[in-house]
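Structure first, commentary second.
There are 2 protein chains.
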Amino acid sequence: MAPGTGRTPLSSSRVLVAAVELADEAGVDAVSMRALAQRLGVVPMALYKHVASKEVLLDGMVDQVLIEIEDPDPALDWRAAVRARVLGARRAVLRHPWARRAIESRTRRTPVVLGHMDAVARLLLAGGFSPDLTHHVMHALGNRIWGFSPELFEEEPAQGAALPDPEQQAEMAREFAQRFPGILAVATAATGGDLSAVGQGCDEDFEFEFALDLLLDGAERLHRAGWTSPARSTVHP
Amino acid sequence: MAPGTGRTPLSSSRVLVAAVELADEAGVDAVSMRALAQRLGVVPMALYKHVASKEVLLDGMVDQVLIEIEDPDPALDWRAAVRARVLGARRAVLRHPWARRAIESRTRRTPVVLGHMDAVARLLLAGGFSPDLTHHVMHALGNRIWGFSPELFEEEPAQGAALPDPEQQAEMAREFAQRFPGILAVATAATGGDLSAVGQGCDEDFEFEFALDLLLDGAERLHRAGWTSPARSTVHP
DNA sequence: TTGACGAGGTGTACAGCGTACGCCTAGCGT
DNA sequence: ACGCTAGGCGTACGCTGTACACCTCGTCAA
């Protein structure tokens, strides 16, 4: 505000936004207190007046991504609504490639995080699910609630590795085929037989929806069958 | 060997074992090159003669956990076999509390990692699954292949936080109930109505098997229905 | 016996990290 | 006019991973 200095003062929101931008541009590892401070034209310790610690900063960055999630059309039935909200989360997370890792590594449940979980839970409850079944279904969805599936297969196989030598490469391929025939079969199926594209062969969006629908199918079946959780013993074994 | 010094020389295996022990005792964050070296009675840089970097060390530690996985009885049918192998992975991972996080954060696919994935893939293929369906099912299983589900809900809510004050606590509970009624309903269902145990209310083993069976059920149904993946366009949208 | 060699342990040093602590200054309420 | 406080600054500490040079053995060829 002060026209002399001409610098709008920091705020925790300004810090968070800058941190997200920095992570978007240079990856989450590039977000150090020092780098972030420099980007804001400020000395590192100034940040601590607005965020308590780096951990809290990361929590806030995740929040920043999650608040982009849109509410689904309230006219949808439970299944379409859950699907829509989860895919909305996916869109938000995909906009920020670092967010997946960041979400996995966070343990604190901020109000924003709780808000999304609450929204999903309410959609299921509104669909007639018992709280019990809702609970288990949310567990089964797991991180898919946040819009991503775990990276089972490698994303970027080598990047700058510069495959060493065709002869040696063929030898490695032979050995791989012998040691891991199962993976080979699965990978070639995924790429339609194109061995050279094994790494990038997965259509992640398809995999995500495949698993999501598998889980929602199962949930629907259990719901319709009136599933209830087996009696719980109150004593530990 | 040399009786004068009386010190068995290092080896990458000895380093890995020591690192796993250290992580078991003090957590994975306590595994620094310096701390590990000290435990081995050696100077930090000596480790680098046996492991290329900290990243590789962590990969090796994960391998160390994964080689504990037992092969399932070959007489089992595909479903029981997959179930057994995945639950075997779970037992191995649960023996080392840090392993879950470590596996999530690793991106390199070591031979040991590939070996486990290969074993699961082969069980499905041997059960008559097409490579295509096998691929998608493995994606759907996701990290559950490694024997853990994502920590959707908090594990240790406060630990040493020392709840501040009964009055204030009740106020927070009121606000929570108003903002997150869905979560509250689900959480109380999970604990059988005992609000004070909301954090620890989940039987993780039950949740794991619930989700696993949901996924295997779905997979079985698709398999029996002769599911095949929709035709793939070779051109991107 | 000698001498080279390589494997493996040592020591020093550097750049980077998060952050505790104290200082300084501008704006505001009394 | 005064003091309080919010907020930015500077310094410093302990920790991290690891590059690089060095030294010291055990082994083996000549």
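Quick mapping for you: the protein sequence lines, in order, are chains D and C. Note that the numbering used here numbers the first sequence so that position 130 is 130, with each residue one more than the last. Note that the numbering used here numbers the second sequence so that position 122 is 1122, with each residue one more than the last. Here a beta-carbon is modelled for each residue, glycine too, at the ideal position from N, C-alpha and C. Computed from a prediction, not measured in an experiment: that's the story for all the values here.
(Q) Please report the straight-line C-alpha distance between Val59/D and Leu1152/C, rounded to a whole angstrom. (A) First, the residue type needs correcting, since residue 59/D is Asp and not Val in the sequence shown. Rounded to the nearest angstrom, the two C-alpha atoms are 15 Å apart.
Q | Closer than 7 Å at the beta carbon, the chain C residues around His135/D | A | Val1186, Ala1189, Ala1190
Q | Inter-residue spacing [alpha-carbon to alpha-carbon] between Glu1175/C and Gly1192/C | A | 21 Å
**Q.** Where the segment 52 to 73 of chain D meets chain C: residues whose CB sits under 9 Å from a CB there
**A.** none
Q: Could you give the DSSP three-state label for Val186/D: helix, strand or coil?
A: helix
Q: Can you give me the Cβ contacts of Pro1009/C inside the same chain, cut-off strictly under 6 Å, excluding the 5 residues immediately before and after it?
A: none
**Q.** Among Arg224/D, Arg101/D, Arg108/D, the one whose alpha carbon lies nearest that of Arg79/D
**A.** Arg224/D
Q | Contacting residues, own chain, Cβ-Cβ under 7 Å from Val235/D (five flanking each side not counted) | A | At Val235/D, the pLDDT of 43 sits below 50, so the modelled position is not reliable and the matter cannot be decided from this model.
Q | Chain-ordered neighbours of Glu1207/C on chain D, where CB pairs are closer than 8 Å | A | His136, His139, Ala140
Q) How many Å lie between Val51/D and Pro131/D at the Cα? A) 36 Å
Q | Inter-residue Cα distance where the pair is Ser1149/C and Gly41/D | A | 42 Å
Q | Anticipated Cβ contact below 8 Å, Ala190/D with His1135/C, distance rounded | A | 5 Å
Q) Ile67/D: buried (16+ other C-beta within 10 angstroms of its C-beta) or exposed? A) exposed
Q: Report the neighbours of Asp217/D on chain C: residues whose CB is nearer than 7 Å to its CB, in chain order.
A: Gly1218
Q: Over the uninterrupted alpha helix (DSSP H) stretch that includes Val1020/C, give me the two end residues.
A: 1012 to 1026
(Q) Against chain D, does Ser1032/C count as a neighbour if the rule is that its beta carbon must be under 7 Å from one of theirs? (A) no
Q. From Leu1123/C to Trp98/D, what distance separates their C-alpha atoms?
A. 34 Å
Q: Report yes or no: is there a C-beta of chain D within less than 7 Å of the C-beta of Arg1224/C?
A: no
**Q.** Run of the alpha helix (DSSP H) containing Arg1083/C, from where it starts to where it stops
**A.** 1078 to 1094
Q. My guess is that Leu16/D and Met61/D are in contact by the Cβ rule of under 8 Å, so how many angstroms apart are they, rounded?
A. 6 Å
Q) Can you list, in chain order, the stretches of the alpha helix (DSSP H) that have 4 or more residues and sit fully within the segment 1024 to 1053 of chain C? A) 1033 to 1039
(Q) Taking CB distances under 7 Å as the criterion, tell me whether Met117/D reaches chain C. (A) yes
Q | Proximal residues, the segment 91 to 118 of chain D versus chain C, C-beta separation under 9 Å | A | Arg101, Glu104, Ser105, Thr107, Arg108, Arg109, Pro111, Leu114, Gly115, Met117, Asp118
Q | Amino acids of chain C, ordered along the chain, whose beta-carbon sits closer than 9 Å to that of Gly147/D | A | Result: empty, since nearest Cβ-Cβ is about 13 Å, beyond 9 Å.
Q) DSSP three-state call for Pro1097/C: helix, strand or coil? A) coil
Q. CB Phe180/D to CB Leu1214/C, shorter than 7 Å?
A. no
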